[in-house]
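Participant: The structure follows.
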Amino acid sequence: MSKLILATLCMLAFAPIGAYADSIEKFSFTTDPQSIAAGAASGQITIEAEDANGVPVNGNTVCMQVTSSSQSGEFSTNAANWSAEPIRILALTLSSSQYRRNFYYRDSANGTHTLRAQAALRPGTTCTTWSPESGVQWTATHSITVGGNQTQNDQQTDTSTTTSTSQTTQAPTSSYVPPPEPTIFADAGSDRTVIVGADVEFDGRAYNRNKESVDHVRFLWNFGDGATAEGPSVLHHFEYPGQYAVMLYIAEDRTSVSDKIIVTAEPARLAFSAISDGSVSIQNLAGRDLDLSRWIVRQLGREFMLPEHSVILAGQSMHISQRTLGFWSQLSAELDYPNGVMALRAGESTTDAPDIPAPAPSPVAPVSKAPLAAYTDAPSSVLDSDLVPSEESDGISATGTLTSASSTEVAAAASALSGDSYTWWLGALGLALAGGGALLAARRAGRREWDIIEEK
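FYI, in mature numbering (1 follows the signal peptide of the UniProt record, and there is no 0) the residues of the sequence shown are -21 to -1, 1 to 435.
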């Protein structure tokens, strides 16, 4: 027995420490070796995750398999319910909120058998895809004897009195009461890296001991940034870079279990360009593949949404043709997050490189000179015909005055043409009305200053 314990300690001591999850250093069987009758169920056998000091701890989700050195041994998680098809390999899952699991054993072959538990962190999906061949991080063993002495009473016969006495040794009792075995388990998916500001879909799953999906349960999400959501499938985006512990809680009646994943939010590393043939190019400047599902290319009210699973390989570009977009892209095109917020304009990049050229300015539409000539002549003819008498006043031509005023108005309007066309038209019209009003006032004032005297 001492050799077996020494071998177990050596195996734990030389395990690769760098692979441990959080503070889990080892797995240990906490129940004493048992002796049972052939075909009888053992007492409860408990295995738990511990730190270096032997204190129970929990961490990430762990997958485990328990086997026996006896080919006739079988396992169950319920002492009163054994499978009709004997379970020779017991698959267990320790969620992130658990640190121990219980099970039972029975065997029809007499002898001392060794129970071996092998465990590792859950792979990217679920424990159903893990096996010891994929890699083992923790190992623990436990011995159990089948067919040995089942009683602690040693009967002794006194030949002189022909009476028998029995001496009973009472084992010490523990006040610890193990928690009830969970009936449901939570799966929040695998750890992932996402883009800051981009909506990410989180899919949760609830299943029972038989790995069957469980319905009619409540899914509660905590994203580690103060936001929460409810439902098996939810969308969420992180507004700041960093690592977040995303927790999924599943409640059924009075039972609640949880699972944790780590989400790393990184700033977008993209470059967006509008090509002369009407297409667009999205370049991945990150050092990993990027999923741009449901991102939007938008141009003057028209938009194209990238379909699901639109992945751009690291260092590569995605070219979307004008035919696929459904419109002709220009420098005014933009790339938007799935929630509609603009991420990049055409010609912009999110890279941190200092020598990124600034995006070229949008071309300004040429300005037509025809409206200026029209506004020079039309007011002059109207004012000349309606307001100016046939006589000349002080040798100053009304037409010449109007032309001078109109030229000033045109120059002012032309200098104000830096805005859009709507502002220019309002300015030109205002100047024309102001000039016409000033001219009319001057004409009326001139008429009041001259008195006509007839010579006798």
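Ideal Cβ placement from N, Cα and C applies to all residues, glycine included.
All values derive from a computational prediction rather than experimental measurement.
Are the CB atoms of residue 107 and residue 74 within a distance shorter than 8 Å?
Facilitator: It is not a contact, given that the beta carbons lie outside the stated cut-off.
Participant: Where do the N-terminal and C-terminal ends of the beta strand (DSSP E) with residue 301 fall, by residue?
Facilitator: No beta strand (DSSP E) holds residue 301; the alpha helix (DSSP H) holding it covers 301 to 304.
Participant: Kindly list the residues whose CB is nearer than 7 Å to the CB of residue 2, restricted to its own chain and excluding five residues on each side of it in sequence; keep chain order.
Facilitator: Closer than 7 Å at Cβ, skipping near neighbours: 30, 36, 38.
Participant: Count the C-beta pairs between the stretch 196 to 205 and the stretch 219 to 236 that are closer than 8 Å, then say yes if the count reaches three, no if not.
Facilitator: Verdict: yes, contact present.
Participant: Return helix, strand or coil for residue 111, following the three-state DSSP convention.
Facilitator: Three-state result, residue 111: helix.
Participant: Can the beta-carbon of residue 62 be found less than 8 Å from the beta-carbon of residue 55?
Facilitator: Yes, Cβ-Cβ distance for residue 62 and residue 55 is below 8 Å.
Participant: Looking at residue 26 and residue 123, is the spacing between their C-beta atoms short of 8 Å?
Facilitator: No, these two residues do not count as a Cβ contact at 8 Å.
Participant: Hey, residue 314 and residue 323: beta-carbon distance below 8 Å or not?
Facilitator: Their beta carbons are under 8 Å apart, which means residue 314 touches residue 323 by this criterion.
Participant: Pair every Cβ in the stretch 291 to 308 with every Cβ in the stretch 253 to 265, then say whether three or more of these pairs are closer than 8 Å.
Facilitator: The stretch 291 to 308 vs the stretch 253 to 265: in contact.
Participant: By DSSP's criteria, residue 106 is part of a beta bridge. Which residues make up the other side?
Facilitator: Answer by DSSP bridge pairing: none, since residue 106 is not bridged.
Participant: Mind checking which residues open and close the beta strand (DSSP E) that includes residue 47?
Facilitator: Start and end: 41 to 47.
Participant: In the structure shown, what three-state DSSP assignment does residue 269 receive?
Facilitator: Strand at residue 269.
Participant: DSSP three-state call for residue 221: helix, strand or coil?
Facilitator: Here residue 221 sits in strand by DSSP.
Participant: What residue ranges within the stretch 275 to 300 form continuous beta strand (DSSP E) runs of no fewer than 3 residues, ordered along the chain?
Facilitator: Counting whole runs of 3 or more residues, the stretch 275 to 300 contains the beta strand (DSSP E) stretches 275 to 278, 281 to 284, 296 to 299.
Participant: Would DSSP call residue 16 helix, strand or coil?
Facilitator: Residue 16: coil per DSSP, three-state reduction.
Participant: Give the straight-line distance between the Cα atoms of residue 53 and residue 85, rounded to the nearest whole angstrom.
Facilitator: So the alpha carbons of these two residues sit roughly 6 Å apart.
Participant: Whether or not the stretch 160 to 179 and the stretch 232 to 250 are in contact is what I'm after, with contact meaning three or more pairs of Cβ atoms, one per stretch, closer than 8 Å; do they touch?
Facilitator: Result yes; three or more Cβ-Cβ pairs closer than 8 Å.
Participant: Give every residue of the same chain whose Cβ lies closer than 6 Å to the Cβ of residue 214, excluding the five residues on either side of it in the sequence, and list them in chain order.
Facilitator: Counting only Cβ-Cβ distances below 6 Å, and skipping sequence neighbours, we find 178, 180.
Participant: The beta strand (DSSP E) that contains residue 84, what's its start and end?
Facilitator: Residue 84 -> beta strand (DSSP E) spans 79 to 85.
Participant: Between which two residues does the beta strand (DSSP E) containing residue 484 stretch?
Facilitator: The structure shown has nothing for residue 484, since the chain only spans -21 to 435.
Participant: Could you work out which residue in 191, 23, 165 is closest to residue 82 when comparing CA atoms only?
Facilitator: Ranking the options by Cα distance to residue 82, first place goes to 23.
Participant: If residue 273 sits next to residue 285, beta carbons under 8 Å apart, how far is it from one beta carbon to the other, in whole angstroms?
Facilitator: Right, the Cβ-Cβ distance comes to about 6 Å (below 8 Å), so this counts as a contact.
Participant: Just curious, the beta strand (DSSP E) that residue 191 is in, first and last residue?
Facilitator: Careful: residue 191 lies outside any beta strand (DSSP E) and carries neither H nor E.
Participant: With 16 as the cutoff for other CB atoms within 10 Å, does residue 347 come out buried or exposed?
Facilitator: With a pLDDT of 39 at residue 347, under the threshold of 50, the modelled position of this residue cannot be trusted, and the question is left open.
Participant: Let me know the secondary structure DSSP gives residue 59 once reduced to three states.
Facilitator: If DSSP states are grouped into helix, strand and coil, residue 59 belongs with coil.
Participant: Identify whether residue 90 lies in helix, strand or coil by the three-state DSSP scheme.
Facilitator: Reduced to three states, the DSSP call for residue 90 is strand.
Participant: For residue 115, which option in 413, 121, 100, 126 has the closest C-alpha, if you only look at C-alpha atoms?
Facilitator: The shortest Cα separation from residue 115 among 413, 121, 100, 126 belongs to 100.
Participant: Compare the C-alpha of residue 51 against each of 119, 76, 125 and name the closest.
Facilitator: Considering only alpha carbons, the answer is 125.
Participant: Counting only the same chain and skipping the five closest in sequence on each side, list residues whose C-beta sits under 8 Å from that of residue 295.
Facilitator: Within the same chain, residue 295 has close Cβ partners 262, 263.
Participant: With a threshold of 16 other CB atoms inside 10 Å of the CB of residue 212, please say whether the residue is buried or exposed.
Facilitator: Under this definition residue 212 is an exposed residue.
Participant: Which residues does DSSP list as the beta-bridge partners of residue 120?
Facilitator: DSSP lists 95 as partners of residue 120.
Participant: When the Cα atoms are used, what is the spatial distance from residue 418 to residue 408?
Facilitator: Answer to the nearest angstrom: the Cα atoms are 15 Å apart.
Participant: Just grab the DSSP bridge partners of residue 235 for me.
Facilitator: For residue 235, which the question treats as bridged, DSSP gives the partners 230.
Participant: In whole angstroms, give me the CA-to-CA distance for residue 343 and residue 281.
Facilitator: Only weak support exists for where residue 343 lies, its pLDDT of 36 falling under 50; the value from the coordinates is given anyway. Their Cα atoms are separated by approximately 21 Å.
Participant: Rounded to the nearest angstrom, what separates residue 225 and residue 299 at their Cα positions?
Facilitator: Cα to Cα, the separation comes out at about 34 Å.
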